[in-house]
Each structure stands twice: as C-alpha cells, then as structure tokens.
Amino acid sequence: MAQTRLQLLGPVQLFHGDEPVPIGGPGVRGLLALLALRPGKVVGLDEIIDALWGHDPPATARTIVHGNVSHLRRVLRDLDGPRILTTPPGYRLDVEPDLIDVHRARTLLDRASLATPEAAAALLAEALALWQGPALGGVPDSLRAPELEDLRLAVHGARVDADLELGRHAELIVELSPIVRADPLAERTAGQLMRALYHAGRRGDALELYRTVSRATLRTLGVEPGAELRWLHERVLNDDLPARDVVAPAAGAEPAKAISQLPAAVPNLAGRAEELAWLDALVTRAEAGQTTIAVVSGTAGVGKSSLVVWWAHRVAPRFPDGVLFASLRGFDPHHPPLEPAELLTQFLLGLGVETAKVPELLHERVALYRSLIAGRRMLVLLDDARTAEQVRPLLPPSARTMTVVTSRSRLDGLTVSNAAKQRVLGTLAPDDAVALIEELAGPASLNHALARLCGYLPLALRIAGARLSASAQRTAEELVDELGNERTRLAGLQVDGADDSVRAAFDVSFRGLPGEVAQTFLQLGAVPGVMVGPHVMAAVAQITVAEARRRLRTLAAHNLIAETERDVFVPHDLVCLYLRELAEQELGDKERDEALGWTVRYYQAAADRARRRLGRVADPLDFSGVLADDVLPPLSGFAEAHDWFAAEWPNLLAVLDAAYAAGRHDDVWRLARLAHTYRVACPLLDEWMRMADLGVAAAEASGDVAGQCWLRLARCEIALTFELPGSGLADAERAAELSAASADERLRTSVDLHLGRALSRLGEHERAIERLAEAIVNAPDVTLRGQALSSCAQAEKRAGRLADAIAHQRAGLRIDRELGDDVQVVVSLDKLAELSLRIRDLEAAERYVWEAIDLAISREFVAREGTLRLTLGRVLRARGDIDGAREQLALSVRIYERVHPKLVGEVRTELADLQ
Numbered sequence: 036m037a038q039t040r041l042q043l044l045g046p047v048q049l050f051h052g053d054e055p056v057p058i059g060g061p062g063v064r065g066l067l068a069l070l071a072l073r074p075g076k077v078v079g080l081d082e083i084i085d086a087l088w089g090h091d092p093p094a095t096a097r098t099i100v101h102g103n104v105s106h107l108r109r110v111l112r113d114l115d116g117p118r119i120l121t122t123p124p125g126y127r128l129d130v131e132p133d134l135i136d137v138h139r140a141r142t143l144l145d146r147a148s149l150a151t152p153e154a155a156a157a158l159l160a161e162a163l164a165l166w167q168g169p170a171l172g173g174v175p176d177s178l179r180a181p182e183l184e185d186l187r188l189a190v191h192g193a194r195v196d197a198d199l200e201l202g203r204h205a206e207l208i209v210e211l212s213p214i215v216r217a218d219p220l221a222e223r224t225a226g227q228l229m230r231a232l233y234h235a236g237r238r239g240d241a242l243e244l245y246r247t248v249s250r251a252t253l254r255t256l257g258v259e260p261g262a263e264l265r266w267l268h269e270r271v272l273n274d275d276l277p278a279r280d281v282v283a284p285a286a287g288a289e290p291a292k293a294i295s296q297l298p299a300a301v302p303n304l305a306g307r308a309e310e311l312a313w314l315d316a317l318v319t320r321a322e323a324g325q326t327t328i329a330v331v332s333g334t335a336g337v338g339k340s341s342l343v344v345w346w347a348h349r350v351a352p353r354f355p356d357g358v359l360f361a362s363l364r365g366f367d368p369h370h371p372p373l374e375p376a377e378l379l380t381q382f383l384l385g386l387g388v389e390t391a392k393v394p395e396l397l398h399e400r401v402a403l404y405r406s407l408i409a410g411r412r413m414l415v416l417l418d419d420a421r422t423a424e425q426v427r428p429l430l431p432p433s434a435r436t437m438t439v440v441t442s443r444s445r446l447d448g449l450t451v452s453n454a455a456k457q458r459v460l461g462t463l464a465p466d467d468a469v470a471l472i473e474e475l476a477g478p479a480s481l482n483h484a485l486a487r488l489c490g491y492l493p494l495a496l497r498i499a500g501a502r503l504s505a506s507a508q509r510t511a512e513e514l515v516d517e518l519g520n521e522r523t524r525l526a527g528l529q530v531d532g533a534d535d536s537v538r539a540a541f542d543v544s545f546r547g548l549p550g551e552v553a554q555t556f557l558q559l560g561a562v563p564g565v566m567v568g569p570h571v572m573a574a575v576a577q578i579t580v581a582e583a584r585r586r587l588r589t590l591a592a593h594n595l596i597a598e599t600e601r602d603v604f605v606p607h608d609l610v611c612l613y614l615r616e617l618a619e620q621e622l623g624d625k626e627r628d629e630a631l632g633w634t635v636r637y638y639q640a641a642a643d644r645a646r647r648r649l650g651r652v653a654d655p656l657d658f659s660g661v662l663a664d665d666v667l668p669p670l671s672g673f674a675e676a677h678d679w680f681a682a683e684w685p686n687l688l689a690v691l692d693a694a695y696a697a698g699r700h701d702d703v704w705r706l707a708r709l710a711h712t713y714r715v716a717c718p719l720l721d722e723w724m725r726m727a728d729l730g731v732a733a734a735e736a737s738g739d740v741a742g743q744c745w746l747r748l749a750r751c752e753i754a755l756t757f758e759l760p761g762s763g764l765a766d767a768e769r770a771a772e773l774s775a776a777s778a779d780e781r782l783r784t785s786v787d788l789h790l791g792r793a794l795s796r797l798g799e800h801e802r803a804i805e806r807l808a809e810a811i812v813n814a815p816d817v818t819l820r821g822q823a824l825s826s827c828a829q830a831e832k833r834a835g836r837l838a839d840a841i842a843h844q845r846a847g848l849r850i851d852r853e854l855g856d857d858v859q860v861v862v863s864l865d866k867l868a869e870l871s872l873r874i875r876d877l878e879a880a881e882r883y884v885w886e887a888i889d890l891a892i893s894r895e896f897v898a899r900e901g902t903l904r905l906t907l908g909r910v911l912r913a914r915g916d917i918d919g920a921r922e923q924l925a926l927s928v929r930i931y932e933r934v935h936p937k938l939v940g941e942v943r944t945e946l947a948d949l950q
C-alpha cells in the first residue's frame, strides 16, 4: 500500500507513493510545514499565526487557520494518511517522523555517527539527496526555519568527514573549493579543504588557503580564525597532520596512559537508545572540532548518572587523552554542593599536578586547568550539578574536548552563555522498565504491573527489583498489592538502610527550591487533577498569571514537573503521590480547604465562560463575577472554548470528585451543570453520565430543588442523545414534579422541552407535540424558543406531520444561525436533511447534510459527524449512489466505534446491506 510522505526540503509537498497530491496555496503549505517540523508535538495556534503572518496578522487569522486545518484534514483523510489532532493550545500532526524528509535526514545523520566510514558516506549521501531545492519552498515569506540549513550543513560536513577518512581527497578538492571561495568564513569547510589539499600532496595550497581564511576573518570579524583551524594550520605548517582526525603524539615520546576517573557503571543499561544516539552524535561534533557541551537533566531518580557513566565507558576510546569525572554533589542530602575550587583541585591532581603546586587562588587554578587540557581530546563528566555557576569554571577551552553535565535542573544558563545542548531524560519505556526489574529479580508475570506502579522511574524500578530479590518469601503479587495503595506506595519504594528512596530523592529537590516556589509546589499538592496551568495556580496562590507561570516554569526547570505543552504542566505519577503526601504533612486543614475552594471557584468561572462560547445556555447559573477577568483564560471564540474543555476535562472530573468528597455539594452540582454544555456538543456516554449522576447526588445531598431539576434534565439529555431505554422520561417527570411550584420560567420551559422530547421518543406523539407547543408559546427568550421549535419538529416528524415539521425546523434553524450556535445549526441541518429525505427532496437533503458535515469538521464535532455520515449515506443510497453510500457508512462506523460503541451495530447492519 502506498505511503503518504511529506517533503519540506524543497517545495513543501505531499506525496502519496510517488505521486504529488495538491494541497493548496502558501497558507496551507505553511501550516502543513509548521506541523510537520514537529511531528507528534503541539504547535500553538498563536505560534502558527505568528509564523504565517508575522507581526501583522489579519483579523480573521484564526478563522483562516481553522479552515485550512479542516481542508488539510479532508486531504489527509482521503489518503488514509497522517491525522491532524486538536490538542490545546493548538494542533498536532500524528505521523511517523520517518515519513517526513527532515526527520528522515536527521535519522540518517544519527545512524551515520555510529557507522563505519564507508557506510556513513552512503547514509549521508542518501540524506543530502533528500534536498530538492531551498527548504520550505512555496510557503509565506514570514515562515522561517533556519535549523533546516543548519541540518544540511551538518549532514554535508559529516559526509565530507567520512570521505576524508576514505581518502577521497581529489573529489573533495573539486567539491569544496567553490564553497570556500564563496564563503571563506565557513571554517569547518575550510578546515576540511585544508585536510584534503594536504593529503593530496598540496601542502602549499593548504597553507595559502589558511592565509586567505585568516585575512577574511580579520577583515570581517576582527579576530583570528578559531582554535581548531589554528591547530590545523600548525599541523600543516609542521608537516605532521595525521591521516585521521587525532592528536599526533610528540616525536619520540612514550605514549602517555590516558586519564580515567570514571566510576563503575551499571552492568546493563535498560533502554535509552535515543539518548545514547544523541550523545554519540555530539561526540562526532566534538571530533569535528565543534565546542560541545551537553546537559542531561531530569527528575530525581530518572537515571541521569547511570546513563552518562555507562555511555562514557563505551565511548572512552574515542577520547585518547582520557576522561575526567567529578560528582558536584548539587543535590546530595548529606553534603553541601562542592565549590569550583575543590573540583578544580581534584581535576588538577588527576592531570598530574603535584599537591604542592596547586595554586591557592581560584582564577589561577582555572587558568592552569585550562592550559593543561588545551588541545587535548578529552571527555569531562560533571555529575549532579546544582547551578550553571558551579559548572562554568570547569568547562574546558578546547573545541576537541566534550563536556557532559547532569543535573536535576535544566541549567538553561549554560545554553545561553555556552551554547550547551539540552536533553531532558524521561522515564523508561514499559518494556525497558520490565527489563530493569528482571535484571535484579528475574522474570515474573506481574512485572509489567509492577513497572507501571513504579511509574517507569528507574530508581523506583531498582528498589522494587531489590526488594523482590532480597527476600525469597516476598512475591511479586505481594509487592504489587502493597504498591497498589496510593497512600502507601512511596513508603513501599524504599530499602531498609538506604538513603536513596524515592521519597528522599524528591525531598532533596523540594528542600532546595526558593521560598515562594516551594510554597507553590506545596499548593500543587492540594489541587486535584492530572495537570495544572498558570491560570488555576494564579487563582489558588492569589498571584498574577505571569507570576504563576514563572513559578511553574521554575519547577519545570528543576524537573519536578514537566511543561508538556505551552502552559500545561504535568508531574510524574510518583511526584503526584509525593505532592499529595507533602501537602497533607506541611499544609494545615484550613490551607488545603482554601486551595480546594479556589480551585473549584476557578473551574466554575472558567467553565461558565467557556460554555457561553460554545452555544446557548438555558440555566440561570452565572459565575462571571467570581474571579478577576485577568485570572481566567481569554477563550475568545468557539474553538478556544472547545479546546479548553477538551484539555481540562480530566481535571474537571477530578475537581468534582474532590469537592464531593469534601462535602461541597452545592459546588459540585453547579460545576457539573456548567460542564454539561460541553458534553452536549461533544457527547461521550460514560464520562457524561458519571458527571450527571454525581451532580444529581450532590444536589439531593444539598437539598437544592433547582439543582436537582437541572441535573435531572442533564441526565435526560444523555438518555435522549444515546437513545437509552426509557429515554430519560423518569428524570424529566421527576424534574416536572420538583419544578411545579417554581417561579423560574426558564426552568419550567426547559422541563417542558425535555418532557416533550422524551414522550416523543417513546411514541406518545400527541402528548409530546402538545407539551412542546406550550414550550414554544411560553418560552421566555429566543434561545429556548429555538430549542422548542426544533424539538417540536422532531415530534411532528415521528407523528408523520412532515410539512409542520419542516416549517418548525426551518424556523428553529433561523434562530440557531441568529444566535451563532454552531452545535444547534449542525443538529438542525441534519434534521432538515432527514425530513427532506422523507419527502424525497433528495437534492435539498444532500445540500443540508453536506453543509452540516463541513461545519462539524471545522468545529470538530466528531460524534455529530458520525451521525451526519450516516444521514448522508442514506441520502446517497436513495439517489442510487451505492458506492458513495457505502463510503459514508464506513466512515460513520469508524466514528461510532470511538464515540457511540453501543449504537455502531445498527450502522454496521446498514453497511452490510450495501455489500
């Protein structure tokens, strides 16, 4: 089967097999390029707008992007290719990276770094062939990706290095000479050409080339060429440049024993293939003469030191002058961090300096250290650093020496000041985690469950494995039972007599936080949910959103939480448990209750704002004045509100559960009603029903009659949406009893609406039409009148009164459009299509349903789209287009399998009839 692949290294293009697929103009191409540059990762909507229009986007930019996304989705869906997913705050391309030429080129570059020169040359030539012209052709001028040119230069440079090792000097002279003439400041290329000239017997030309480059750098930059090119010039001048890129020993000297300060490595390293490949690629950079500093950071217990030490043992032969290692004790619970002066003494002694000759002053030690390693090819490992300032004096000056730093903090300062490359280490893949347990304790059927309970964190995995192996009586079943209790899991992840339990590791990180950031970390433990953002933390901590974002990012920089997307912060599973324990220990009951209260108020205010962007609101709940406007997310339109609900749904359920457990029953039913509007637009049976059941229980516990009515009507809506047995009549009738004495006209009209719909669904058409006609007349506003018109039309359809039904449905559609309620517009169009099909006006039916499908796709009403595809299939079948009908019903089945699994059988039956 032909694959769909994407080309960015040239004109932006989509291919199905070898055939190009038209996708549209520059805006669409630019959107596809932005998503394809970061496959599997979210590209924010604001970022897309900035990239496509720069600082002057049109007022309709968001609408244009949404439309282009819908267009690309249709194109990709027709190819059965990659998918574009809405993931707040933007979009994510779900695609295998290897189907995108940019990522294919990076993969080939990484593979080449581990290959023999012959294989590397072939791999890199394949990578260069992926460039089909200037990258990102045909996109708006404002879209720039300079990293693609950096990638091309890296691939080209690595391929030239491989060719140099293979002795292809004559060919390289022809290839590189025009490049250096055009850009004499390209020092890496100039150095490669010098090597080719020298080894081709043209030493004089190599020296002349250096003089040319030196004049250019002095004239243009006011400085001499870099250290690597100067070293190369000296070797050519002395006529002792080795054939391979190694430092030649002095003539007649005995080969010195390489320095090796590495501690012992773990016997086997589980997983980490990507991280090892990344480190290996950086070695290649260092061997090419580029200054290379790597920072490997990650949360406590994630295995940073184990990874780096194991890797260093493997690559030590590539550093002929040796390996220096120091533990900086940045997060040692028993000792303060080592000062740079102490570390320099350790390194100087390792480099052979006598104790009496170690300078007293720090700057003198730094100078001696740098002079001793200048020009050497060494690996320097700085383990467990606390700050960038602790590391900087230890950084070697030589471009041929590589430095690797590990830390629980990201040490962003090293990236800014020293161009360090960053890698945040995550937890292990499930199979690798199981392998780590089995290394210590042997295979067992429950090891997968055990690994999951350990959160795939290497420290926790090693402790679990050690506990199993330490006692023949302890079984995996017992340990799984012990760790299965969240309240005791951390206690189970420690070994008697050992300081490095999971809790102790997290404690060290927490105790080292600045005061106000530590307080925010504590408050996090009292906020229910699976993720947190700056807006809710601003409400809980009573600070500005900007300050909340700063504190959360500080926590992320310490790797206690991870910013998985912009403004989305997620702690590791075990950190979640630690947070909960910490909050219970360090915060009083009043403080925890206040944190929960502010969390509930935030979600009530934010959900109320979001639901009003989604469509009409029937109930009288209004939380617009509960919090200051600047604390809430802006949510300027439907798409942002939809995305907010989709992202926050797990948190909403967690807040509801926590508030119910705390006895905040009034808060619970109100929040459940606020969130109900989202599930009307995007129905999911189990989650919607769980929320409604909790809301009814909370309203009954609080004794609030109106709350009981509104939540029973919500439960009735679920029954009607999913055609459940009884279709919600019992809830509608109970709401009618409870609301009989109510003075709230909106409530009484809503009860009539739901009761009429339930009666109609059960075949009591005349009673239903009578009730719904009263609702049309008595509706206190246009919103409820529109709902009553649409509901009455459906009852009339079931009663066979099609002309009345069409008239009422059209009137309802006019109100839907007037209110800008896209959810109801889609529903009304679908109902008009069904009515038109019933009276055999097939042209009108197809027109209505296609308009509804386009709107559903653009608004991502997935469940509604499944229903619409079913309607369209029936219309096309009636028109005699059996192939088209079969295609639409198949699409409906695929959607129903995800969102309406209990109803998919009916659609499958219809599809089978067409086979």
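Using this note's numbering, read the sequence shown as starting at 36 and increasing by one per residue.
Virtual Cβ for every residue (Gly too), placed ideally from N, Cα, C.
Just so we're clear, the structure is a prediction, and the values are computed from it rather than from any experiment.
To the nearest angstrom, report how far apart residue i and residue j are at their CA atoms.
| i | j | result |
| --- | --- | --- |
| I888 | V78 | 26 Å |
| Q554 | M566 | 18 Å |
| L407 | D240 | 32 Å |
| T450 | I83 | 25 Å |
| V282 | R349 | Because V282 sits at a pLDDT of 38, beneath the cut-off of 50, its placement in the model cannot be relied upon, and the following sentence gives the value as read from the coordinates. Approximately 20 Å between the Cα atoms of the pair. |
| V860 | L43 | 39 Å |
| A285 | D275 | Confidence at A285 is low in this model, with a pLDDT of 35, below 50, so its placement is unreliable and the value that follows should be read with caution. Those two C-alpha atoms are separated by around 10 Å. |
| P493 | P372 | 24 Å |
| D280 | A262 | Note that D280 scores a pLDDT of 46, beneath 50, so its modelled location is shaky; the value from the coordinates is reported in the next line. So the alpha carbons of these two residues sit roughly 15 Å apart. |
| P175 | L848 | 39 Å |
| R270 | P55 | 51 Å |
| A335 | A693 | 28 Å |
Give me the residue from the options with the minimum Cα distance to residue i.
| i | options | result |
| --- | --- | --- |
| E922 | A823, S659, I214 and D113 | D113 |
| G102 | R615, V63 and L134 | V63 |
| G192 | A321, L304, L314 and N303 | A321 |
| V439 | G855, L314 and A597 | L314 |
| H700 | P718, D865, A734 and A676 | A734 |
| E131 | T39, L220 and P169 | T39 |
| S863 | L877, L69, D876 and V884 | V884 |
| E424 | Q577, L446, H593 and I472 | L446 |
| E474 | A727, P569, N303 and A641 | N303 |
| L471 | L69, L496, R127 and Q950 | L496 |
| A409 | L417, T436 and H398 | T436 |
For residue i and chain C, any beta-carbon pair shorter than 8 Å?
| i | result |
| --- | --- |
| V928 | Annotation note: the requested chain C is absent from the structure, which comprises a single protein chain. |
Per DSSP, which one or two residues make a beta bridge with residue i?
| i | result |
| --- | --- |
| R458 | V331 |
| A597 | V605 |
| L120 | R127 |
| D418 | S362 |
| Q42 | Q48 |
| G568 | Partner(s): none; G568 has no beta bridge. |
Need the endpoints of the beta strand (DSSP E) that residue i sits in, please.
| i | result |
| --- | --- |
| P55 | E54 to V56 |
| H51 | Q48 to H51 |
Looking at the secondary structure, which residues open and close the alpha helix (DSSP H) in which residue i lies?
| i | result |
| --- | --- |
| G821 | V817 to R833 |
| D918 | I917 to V934 |
| L107 | A96 to D113 |
| L242 | R238 to L256 |
| M229 | E222 to H234 |
| T634 | D624 to L649 |
message = Does the contact criterion of 3 or more C-beta pairs under 8 Å hold for the stretch 429 to 438 versus the stretch 326 to 340?
response = Contact holds between the stretch 429 to 438 and the stretch 326 to 340, because three or more Cβ pairs, one in each stretch, are under 8 Å apart.
query = Taking one C-beta from the stretch 183 to 202 and one from the stretch 144 to 164 each time, how about it: are there three or more such pairs within less than 8 Å?
reply = They touch, by the three-pair rule.
ask   = Do the stretch 620 to 630 and the stretch 584 to 604 touch if we need at least three Cβ pairs shorter than 8 Å?
value = By the criterion of at least three beta-carbon pairs nearer than 8 Å, the stretch 620 to 630 is not in contact with the stretch 584 to 604.
query = So, do the stretch 202 to 213 and the stretch 225 to 243 have three or more beta carbon pairs nearer to each other than 8 Å?
reply = These segments touch.
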